[in-house]
DNA sequence: TGATGTCCTGACCGATCGGTCGGTCGGGAC
DNA sequence: GTCCCGACCGACCGATCGGTCAGGACATCA
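Protein chains in written order, with this note's numbering: chain A, 1 to 224; chain B, 1001 to 1224.
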């Protein structure tokens, strides 16, 4: 399935491709990667097939050789993004350590992950925002539920052990934690212009502050 | 400046316009309203001038009579949205009442407001997400800063009065509160598919839960 | 050597895009 | 009356859109 030899054409590609996907020898893989970038940056309607082909140093026709329609390419990109997204954050919440430390670690790892995979994250978020009805139901159960359910279970468990007061809603807590990170991710470039906000370029510090806030609350005791 | 008489054309418009903007007699106002809907639903690139004109029951040429370019129409829509956005939530945090009640009220009013003006909110959020650099700097200072700074000041003040522990960062707190509402707004349709999340269709209850959580924290005392 | 299949290409298609142009129409000003 | 003006329109433009098609380059297998 893999290409046997880097042909003369592939050598030319390595010279002309302007992205970070030069290492991908397969035209199809290069298309997927470049399309992900393009769709994430400009959206579906704002991205032309010709632009994707140019990024991948291929002709527009070749795009339609690998994918029947533009929409099919888009869905393939989304599918790959979801697959990549779902295989992380699996080991943070399991160890036997203080509750607040686990929450802090989860929050830090989560924000680091979405910042590392920013193109893909933006794509998934954009997809989650619009259709919402039938199409993206599986998207939710695959991506959002993965993080969400893991957090909810963890909080519920801690609640059953008496480590968290009974009155809090685990699902609301989980959503608040995720919201903070997603909002930071979506608007991080613009947060720099906010006066009094000092975490704009320090995601880790932000995640720590949020988890500390959620854990102790505004009127809690023993801040440290 | 206002139209003197509803001409025969205006009467025809009232019949054919399929939106909720039939009451707007001025073609320009109708264009702005319909363009806001269209841009919010399909984005800038996904919305054609012809589609906007059709919604407003006008010809495409008339759009260019009122606005020099499609981009100018888009900016006019954004500008109007920002102006509408900035003149709310002014009186919630001023009264002399318990801190937790004020926070709860703010959170409830804020989420109600963005849900009521969903098209416009979506437009502003979408604009905030992308450019981020020079273009939308004023957008931030106008919209986000308006809510943000008000909240930060309020929390800082309460902190100075000893009502909030010193260790919390007011700006992080404000951002967490806003994040929760924005995330709920952006993904509310999809949250229904989340198991264990019971607030998907109860924004007020969600806002109350969030403010309660932020105020008391996970390990706080006296839940009620 | 020829047949076959994959990858890729340039030329081309109809449709639609944003935008222009010339012109119609009705209502004040005088 | 007639003059002007803003609102509005149909027809049209070049450019670009997504997508098609016939065929070339090349590797594999017979």
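Just so it is clear, CB atoms sit at the ideal spot from N, CA and C, and this is done for glycine as well.
Residues of the region 1038 to 1068 of chain B with a C-beta atom less than 9 Å from some C-beta of chain A are 1041, 1042, 1043, 1044, 1045, 1046, 1047, listed in chain order. Assignment of residue 69 of chain A by DSSP, reduced to helix, strand and coil, places it in the coil class. Counting along the chain, the unbroken alpha helix (DSSP H) around residue 183 of chain A starts and ends at 170 to 191. Of all alpha-carbon atoms in B/1173, B/1073, B/1102, the one lying nearest the alpha-carbon of residue 1152 of chain B is that of B/1173. Secondary structure note for residue 97 of chain A: it is in no alpha helix (DSSP H), with a DSSP letter that is neither H nor E. One finds nothing in chain B with a Cβ atom closer than 8 Å to the Cβ of residue 106 of chain A; even the nearest lies about 13 Å away.
Just so you know, the alpha carbons of residue 124 of chain A and residue 1111 of chain B end up roughly 24 Å apart. Not a single CB atom of chain B sits nearer than 8 Å to the CB of residue 78 of chain A. Around the beta carbon of residue 203 of chain A, 16 or more other beta carbons lie within 10 angstroms, which makes this residue buried.
About 35 Å separates the Cβ atoms of residue 129 of chain A and residue 1167 of chain B, ruling out a contact at the 8 Å cut-off. A check of alpha carbon separations from residue 1126 of chain B across B/1043, B/1037, B/1033, B/1081 identifies B/1043 as the nearest.
Boundaries of the alpha helix (DSSP H) around residue 1121 of chain B: 1118 to 1129.
Of the candidates A/216, A/178, A/163, A/160, the residue whose Cα lies closest to the Cα of residue 145 of chain A is A/178.
Within the region 1206 to 1220 of chain B, those residues whose Cβ lies closer than 7 Å to any Cβ of chain A are, in chain order, 1206, 1209, 1210, 1213, 1214, 1215, 1216, 1217, 1218, 1219, 1220. In this structure residue 183 of chain A is in contact with residue 1182 of chain B, their Cβ atoms being roughly 6 Å apart against a cut-off of 8 Å.
At a cut-off of 8 Å between C-beta atoms, residue 169 of chain A counts as an interface residue with respect to chain B. The continuous alpha helix (DSSP H) containing residue 31 of chain A extends over residues 27 to 42. Between residue 218 of chain A and residue 1214 of chain B, the C-beta gap is smaller than 8 Å, which places the two residues in contact. In this structure, the alpha-carbon of residue 176 of chain A lies about 5 Å from that of residue 1180 of chain B.
In this structure, the straight-line span from the alpha carbon of residue 1107 of chain B to that of residue 79 of chain A is close to 36 Å.
Against chain A, the beta carbon of residue 1071 of chain B has no neighbour under 9 Å; the closest one sits roughly 13 Å away. Distance from residue 31 of chain A to residue 66 of chain A at the Cβ level is roughly 6 Å; contact confirmed, criterion being Cβ atoms closer than 8 Å. Taken through DSSP and simplified to helix, strand or coil, residue 47 of chain A comes out as coil.
For residue 216 of chain A, the enclosing alpha helix (DSSP H) starts and ends at 203 to 216. Contact between residue 52 of chain A and residue 40 of chain A fails: their C-beta atoms lie close to 12 Å from each other, not under 8 Å. Annotation: Cβ neighbours of residue 1196 of chain B in chain A (cutoff 7 Å, chain order): 152, 171.
Rounded to whole angstroms, the separation of the alpha carbons of residue 156 of chain A and residue 1159 of chain B is 31 Å.
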